[in-house]
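Here is the structure we will look at, set down as C-alpha cells.
Structure, rendered in C-alpha cells:
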C-alpha cells in the first residue's frame, strides 16, 4: 500500500494561497472582460447588419473550434513580441500573466457571447417593439429595456460558465505560471509528494466548485419559481 | 523580420529515419483521433449507465451516480488527468501499480488520457441522458410497466430508444468538446496533435508554421465531426418531437 505523507501541505499553504490568488485574479479578470466583450459580440450577432453579424459569428465559431490549450500556446508565443512593440517593455520581461489574461478574456468572450445571445433572445420580442414605439433608438432599447432583463434571466448561466472558467485557468500550467494547481505541482515535485498534492488540489477545487454550483442551482430554481 | 518557410514540413528531423515533419504532425493527428474515439466509447457506455441510474427508482444507484457526476464535473480536467496518470498507479495495489509503471510510456500516457477523458466526458453525457429520459412524458414509464415490462425492460425498450434520439444534438457538442479536451493530454507528454505542434517549434524554430498547421487541423477536424453529426442528427430526428420532425 502507498504510504501517505501529508506533511508538505501545512508548510506549503502560503505558497498555495499565493497560487490561488493568481487563479482568482485570472478568473475575475477574464470574467469581467469576457462578459463585456461577449455582450458586444452577442448584440452584433443579432444585429440586422449582415457584416457585423458575420464578424461576430466568425469570432465565436473560431474560438469555439480550437482547444483552449492551443489558444494559450498561441498567446504565450505571440504576446511577448506584441507587447514589446506596443508598450516598449524590455525584452525577456515576464509577460506570461498578461498573455494568460488576454487569452482567457478573448477565449471566454466567445462562450459568454453564446450564453448572452440566448439570454437576449429569451426576452420577448414585444419588449423591443414597445421600446422602439416609445421613441427609443435601437441602442437605447437594447441598453435600457432588453439587456437588464436578459442579464437577470441568464445570470445563473453566466455563473456556471464562470465556474468552468475557474477550472480552466488550471491550464496556464502549460506556461509554468504558478496558479493554484501549478503551486501544488511545484511543491509536490520538490518534496516527491505529488500524490498528496494532486489529491489535495483536486479536493480544494471540488469543494469550491461544488459549493458554487449548488448555490447557482438553488438560485436558478428560485428564478424559475418567480417566472 | 520573420522568415516564413512552409517547406519546413517536407524536411526531415535530425535522425528521423526518413520521416518528415509532416509525418510527425500526421502521427499526432492520428493519436488525437485514437485517444478521443476510445474515450468516446467509454464515455458513452459509462455515461449512459450513470444517466439511467440518475433516474432509476433506487436510492443507492441514485446516490452513486450523483456523487460520480458531481466529483467529475467539479474538478478541472487537468487535475483529473494528473490524478489518473500520477496518483492512481501509486495507490493501486502494488502488483497492479508496478505492472502499469512497467508498460511502454506511450501506452501509460494513452491509457491515462483515455480513462481520464472517458470518465470526464461520461459525467457530462450522463446528465444529457438523464435530461433525455426526464423529457419523456411520465406516462411512458407507467405504460411500459402497465404492459408487464420489468423496470429494466421498460428502460431498454421504451425509454432509452426515445431518449437517445432526442439527445443526439447535445451529444454532438460533447463529442466536439472531447476532441478539443484531448489536447490536455499533451501536458502528461502524450505526443498528440497539440504536443506535436510544440515539439515542431523546438525542432524547427518555425513557430508560426507549426502552430498554424496544428490549429487548422483542429478546425478541420471540428468541421468534419460537425458535418458527420449533422448527418446523424438528421437520421435520428424524431418526427413531431421537440420541433425536429418533418
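Protein chains in written order, with the working numbering: chain A, 2 to 228; chain B, 8 to 253.
In this text, a Cβ means the ideal position worked out from N, Cα and C, and glycines have one as well.
Coarse secondary structure for residue i, derived from DSSP in three states
i              : result
residue 116(A) : helix
residue 137(A) : coil
residue 192(A) : helix
residue 16(A)  : helix
residue 220(A) : helix
residue 8(A)   : coil
residue 26(A)  : helix
residue 9(B)   : coil
residue 211(A) : helix
residue 125(A) : coil
residue 184(B) : helix
residue 35(B)  : helix
residue 20(B)  : coil
residue 30(B)  : helix
residue 58(B)  : helix
residue 1(A)   : Within the shown structure, residues of chain A are numbered from 2 to 228, placing residue 1(A) beyond reach of any answer.
residue 74(B)  : helix
residue 253(B) : Model confidence at residue 253(B) stands at a pLDDT of 37, short of 50, so the residue's coordinates are unreliable; what they give is reported in the following sentence. Reduced to three states, the DSSP call for residue 253(B) is coil.
residue 63(B)  : coil
Check: residue i C-beta below 7 Å from any heavy atom of the ligand PLP
i              : result
residue 196(A) : Judged by which ligands are present, the structure shown has none, so any question about the ligand PLP falls away.
Whole-angstrom C-beta distance between residue j and residue i, which should lie under 8 Å
i              : j              : result
residue 118(A) : residue 46(A)  : 6 Å
residue 146(A) : residue 132(A) : 4 Å
residue 46(B)  : residue 185(B) : 6 Å
residue 132(B) : residue 55(B)  : 7 Å
residue 23(A)  : residue 180(A) : 5 Å
residue 183(A) : residue 20(A)  : 6 Å
residue 204(B) : residue 221(B) : 4 Å
residue 7(A)   : residue 197(A) : 5 Å
residue 130(A) : residue 154(A) : That belief does not hold up - the Cβ atoms of residue 130(A) and residue 154(A) are roughly 19 Å apart, past 8 Å.
residue 31(B)  : residue 207(B) : 7 Å
residue 152(B) : residue 169(B) : With a Cβ gap of about 16 Å, residue 152(B) and residue 169(B) do not count as contacting.
residue 229(B) : residue 66(A)  : 4 Å
Residue i versus the options, residue with shortest Cα-Cα distance
i              : options                           : result
residue 137(B) : 113(B), 119(B), 153(B) and 162(B) : 162(B)
residue 182(B) : 129(B), 22(B) and 112(B)          : 129(B)
residue 235(B) : 194(B), 81(B) and 180(B)          : 180(B)
residue 38(B)  : 95(B), 191(B), 83(B) and 64(B)    : 191(B)
residue 94(B)  : 75(A), 206(A) and 202(A)          : 202(A)
residue 171(A) : 67(B), 10(B) and 88(B)            : 88(B)
residue 115(B) : 126(B), 124(B), 170(B) and 92(B)  : 92(B)
residue 125(B) : 8(B), 67(B), 244(B) and 79(B)     : 79(B)
residue 109(A) : 8(A), 160(A) and 128(A)           : 160(A)
residue 211(A) : 57(B), 83(B), 15(B) and 32(B)     : 83(B)
residue 241(B) : 176(B), 103(B) and 62(B)          : 176(B)
Whole alpha helix (DSSP H) elements within the stretch 37-115 of chain A, 4-residue minimum = 51-65 and 69-88
request  = Please list the segments of the beta strand (DSSP E) lying wholly inside the stretch 115-176 of chain B, counting only runs of 3 or more residues, in order along the chain.
outcome  = none
query = Which full runs of the alpha helix (DSSP H) of 4+ residues lie inside the stretch 201-241 of chain B, going along the chain?
reply = none
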